[in-house]
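Protein sequence lines, in the order shown, are assigned to chains A and B.
With our numbering applied, the first sequence covers 1 to 256.
With our numbering applied, the second sequence covers 1 to 230.
All C-beta atoms in this analysis are idealised placements derived from N, C-alpha and C, irrespective of residue type, glycine included.
One structure is given below, encoded as structure tokens.
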Amino acid sequence: MLENFKESPVMYGIAFSIIAFIFAQSLFFIIKSWKHGKKIGISKETLLNTITSSILFTVAPAVSILVTVIVLANALGLVLPWIRLTVIGNLAYETVAAETALGNLGGSLNQEITDVNQFSTVAWAMTIGSVFPLTFLPIVCKKLQTKIGGAVNKNEKTAKLGDVLSAAAFIGIISAFIARAIAGTNADDPTLNAGVASVCVLVVSIIAMLLLSFVCRKYKLSKMEPFAMPLSMFIGMGSAILLTRFLPDIAAITWR
Amino acid sequence: MQKNYFDRVHIWGATWNYLALLVMFIVPVGISVAYNSWPDLGVIGKVLATLIPLYWVTGIIEVVTYVPMLGAGGTYLSFVTGNISNLKLPCGLNAMENAKVRANSEEGEVISTIAIAVSSLTTTVIIAVGVLAFSPVLPKITADGSIFKAAFNNVLPALFGALGASYFVKHWKLGIAPILAGVIVLLFAPTLGVGILMFVTIVVSLVGAFIIYKDLWYDDLKAARAKKKQ
Numbered sequence: 001m002l003e004n005f006k007e008s009p010v011m012y013g014i015a016f017s018i019i020a021f022i023f024a025q026s027l028f029f030i031i032k033s034w035k036h037g038k039k040i041g042i043s044k045e046t047l048l049n050t051i052t053s054s055i056l057f058t059v060a061p062a063v064s065i066l067v068t069v070i071v072l073a074n075a076l077g078l079v080l081p082w083i084r085l086t087v088i089g090n091l092a093y094e095t096v097a098a099e100t101a102l103g104n105l106g107g108s109l110n111q112e113i114t115d116v117n118q119f120s121t122v123a124w125a126m127t128i129g130s131v132f133p134l135t136f137l138p139i140v141c142k143k144l145q146t147k148i149g150g151a152v153n154k155n156e157k158t159a160k161l162g163d164v165l166s167a168a169a170f171i172g173i174i175s176a177f178i179a180r181a182i183a184g185t186n187a188d189d190p191t192l193n194a195g196v197a198s199v200c201v202l203v204v205s206i207i208a209m210l211l212l213s214f215v216c217r218k219y220k221l222s223k224m225e226p227f228a229m230p231l232s233m234f235i236g237m238g239s240a241i242l243l244t245r246f247l248p249d250i251a252a253i254t255w256r
Numbered sequence: 001m002q003k004n005y006f007d008r009v010h011i012w013g014a015t016w017n018y019l020a021l022l023v024m025f026i027v028p029v030g031i032s033v034a035y036n037s038w039p040d041l042g043v044i045g046k047v048l049a050t051l052i053p054l055y056w057v058t059g060i061i062e063v064v065t066y067v068p069m070l071g072a073g074g075t076y077l078s079f080v081t082g083n084i085s086n087l088k089l090p091c092g093l094n095a096m097e098n099a100k101v102r103a104n105s106e107e108g109e110v111i112s113t114i115a116i117a118v119s120s121l122t123t124t125v126i127i128a129v130g131v132l133a134f135s136p137v138l139p140k141i142t143a144d145g146s147i148f149k150a151a152f153n154n155v156l157p158a159l160f161g162a163l164g165a166s167y168f169v170k171h172w173k174l175g176i177a178p179i180l181a182g183v184i185v186l187l188f189a190p191t192l193g194v195g196i197l198m199f200v201t202i203v204v205s206l207v208g209a210f211i212i213y214k215d216l217w218y219d220d221l222k223a224a225r226a227k228k229k230q
């Protein structure tokens, strides 16, 4: 059993029980909100439109989340990343947690985990590291909703400051990964250090996103907008394939 | 009436939230029990010493940021299912804009909650179907000789390049300092973990935001201080 510990029936059993929980919670809130929406006079059409547009909006980002599951599966198998990206999950968090745990055990996400103890340590680190918001959210949510919600909506200036700070925090996260693509190293596999390939993918995906967003705005293709992000990501990844295939010597250049 | 509904949402949210907390621990506990493999507490301590300052500080910032934007129901759901900034937040905001309702209104609460719940269901289904469909072919796709290997080696630059582009267009001034800081830190500490690097870039980005957008808070701060003196 331990040979296939990453994709055993136990792991699938855990995954399906988590999925059942997510379904129950989501359906509970849909039913309660739907009933209350009708009660306060929101039309059935608006409620149905919300459901349809949310499904469409979600498809493309969900596919990109699926890609990250597959990426992490290289080291962790399919089921653990699947579970982790279904609850609380977020590529940045899960990657950092797994890499930090493996780093302390002399491993890395670039290699397949073959030791069950490393696997269990990664699962504990991912869980404990990420559950904190759930412990205090119920305590502060009500106060925040009334106080900060009111303060942020107090005037245009505070609303803008709120937007700017939340964008800044997010840009901070993105910047770390961009800096790694420009100047990062990989202790286990120096061929994956920052170099022509990583910068090419970074630049191509940025340009693709800017172009696709521009096209969506220019031709008023608002329904295509949610697809711009995953499509740009695939275009960026595709550039790595082309570069490696047609200019392998240049693609292999690293400067770290 | 309005107050009653919001109160009920908080009770439901808190209950599901704490249930989710228990459910989440099924994963590591289940793995440890099934394989009789409990992690070394020393190693877990070391790992958490790195992760907690980053995750927990970010967690506080996220809670404070998202609650006013998503309302109570949407926030409770988002924090259980994750992928907030790249999916749940834009999805909730998009739905409220389409329905022409404001966040923090009763209508906004209903629409945001439905949008985020539907988004959670859709994501869960897509990932589950994708995982089950991909499991037989995955080893071939990511194998060393595979044509796709180069692409999978570069998922992170692709993802954060695409994700960053739209933010940098709107807030290009905010992007320069944290990227520069990240590169400089990596030049001197090339093996630095992403966790610590991210902490540095978030702090630099927030400090930069406070300096660049000084006009949004400095006058109010001065006025508040003057009022206090009186």
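Buried or exposed (CB count within 10 angstroms, at least 16 for buried), residue i
{"i": "A:Ile-253", "result": "exposed"}
{"i": "A:Met-11", "result": "buried"}
{"i": "B:Trp-172", "result": "exposed"}
{"i": "B:Gln-230", "result": "exposed"}
{"i": "A:Phe-214", "result": "exposed"}
{"i": "A:Asn-186", "result": "buried"}
{"i": "A:Ser-222", "result": "exposed"}
{"i": "B:Tyr-218", "result": "exposed"}
{"i": "A:Ala-15", "result": "buried"}
{"i": "B:Gly-74", "result": "buried"}
{"i": "B:Gln-2", "result": "With a pLDDT of 48 at B:Gln-2, under the threshold of 50, the modelled position of this residue cannot be trusted; read the value that follows with caution. Looking at its Cβ environment, which holds fewer than 16 other Cβ atoms inside 10 Å, B:Gln-2 is exposed."}
{"i": "B:Phe-25", "result": "exposed"}
{"i": "A:Ala-125", "result": "buried"}
{"i": "B:Glu-109", "result": "buried"}
{"i": "A:Phe-57", "result": "buried"}
{"i": "A:Gly-106", "result": "exposed"}
{"i": "B:Leu-77", "result": "buried"}
{"i": "A:Arg-180", "result": "buried"}
Proximity test, residue i beta-carbon vs the ligand FMN heavy atom, cut-off 7 Å
{"i": "A:Pro-248", "result": "Although the ligand FMN was asked about, the structure shown includes no ligands whatsoever."}
Interface flag, residue i vs chain A, CB-CB below 8 Å
{"i": "B:Arg-225", "result": "no"}
{"i": "B:Glu-107", "result": "yes"}
{"i": "B:Ile-111", "result": "yes"}
{"i": "B:Gly-145", "result": "no"}
{"i": "B:Glu-97", "result": "no"}
{"i": "B:Phe-188", "result": "no"}
{"i": "B:Leu-93", "result": "no"}
{"i": "B:Tyr-218", "result": "no"}
{"i": "B:Ile-44", "result": "yes"}
{"i": "B:Leu-159", "result": "yes"}
{"i": "B:Pro-68", "result": "yes"}
6 Å CB neighbourhood of residue i in its chain, flanking five on each side removed
{"i": "B:Trp-95", "result": "Residue identity check: residue 95 of chain B is Ala in the sequence provided, not Trp. So the qualifying residues of the chain are Ile-111, Ala-115."}
{"i": "A:Ala-240", "result": "Ala-197, Val-201"}
{"i": "B:Pro-178", "result": "Thr-201, Val-204, Ser-205"}
{"i": "B:Phe-148", "result": "Ile-141"}
Beta-carbon proximity list for residue i, same chain, < 8 Å, skipping 5 on both sides
{"i": "A:Lys-38", "result": "Lys-44, Leu-47"}
{"i": "B:Lys-104", "result": "Note that residue 104 of chain B corresponds to Asn in the displayed sequence, not to Lys. For B:Asn-104, where only same-chain residues beyond five positions count, the Cβ hits under 8 Å are Pro-68, Gly-71."}
{"i": "A:Leu-109", "result": "Leu-72, Asn-74, Ala-75, Leu-76, Thr-95, Ala-98, Glu-99, Leu-102"}
DSSP beta-bridge partners of residue i
{"i": "A:Thr-254", "result": "A:Gly-195"}
Short CB-CB distance (under 8 Å) between residue i and chain B
{"i": "A:Glu-99", "result": "yes"}
{"i": "A:Trp-82", "result": "yes"}
{"i": "A:Cys-216", "result": "no"}
{"i": "A:Thr-254", "result": "no"}
{"i": "A:Pro-190", "result": "no"}
{"i": "A:Lys-160", "result": "yes"}
{"i": "A:Asn-4", "result": "no"}
{"i": "A:Tyr-93", "result": "yes"}
{"i": "A:Lys-220", "result": "no"}
{"i": "A:Lys-142", "result": "yes"}
{"i": "A:Thr-244", "result": "yes"}
{"i": "A:Gln-145", "result": "yes"}
{"i": "A:Lys-44", "result": "no"}
{"i": "A:Phe-21", "result": "yes"}
{"i": "A:Gln-111", "result": "no"}
{"i": "A:Leu-76", "result": "no"}
Sequence-distant residues of the same chain with beta carbon closer than 7 Å to residue i, five excluded per side
{"i": "A:Glu-225", "result": "Cys-216"}
4-residue-minimum alpha helix (DSSP H) runs that sit fully inside the stretch 83-161 of chain A, ordered along the chain
Segments of the alpha helix (DSSP H) lying fully in the stretch 83-161 of chain A: 91-104, 116-130, 132-152.
Can you list the alpha helix (DSSP H) stretches of 4 or more residues lying completely in the stretch 45-126 of chain B, in chain order?
For the stretch 45-126 of chain B, whole alpha helix (DSSP H) runs of length 4 or above, ordered along the chain, are 89-98.
Tell me the start and end of each unbroken beta strand (DSSP E) in the stretch 4-70 of chain A that is at least 3 residues and wholly inside, in chain order.
Runs of the beta strand (DSSP E) inside the stretch 4-70 of chain A: none found.
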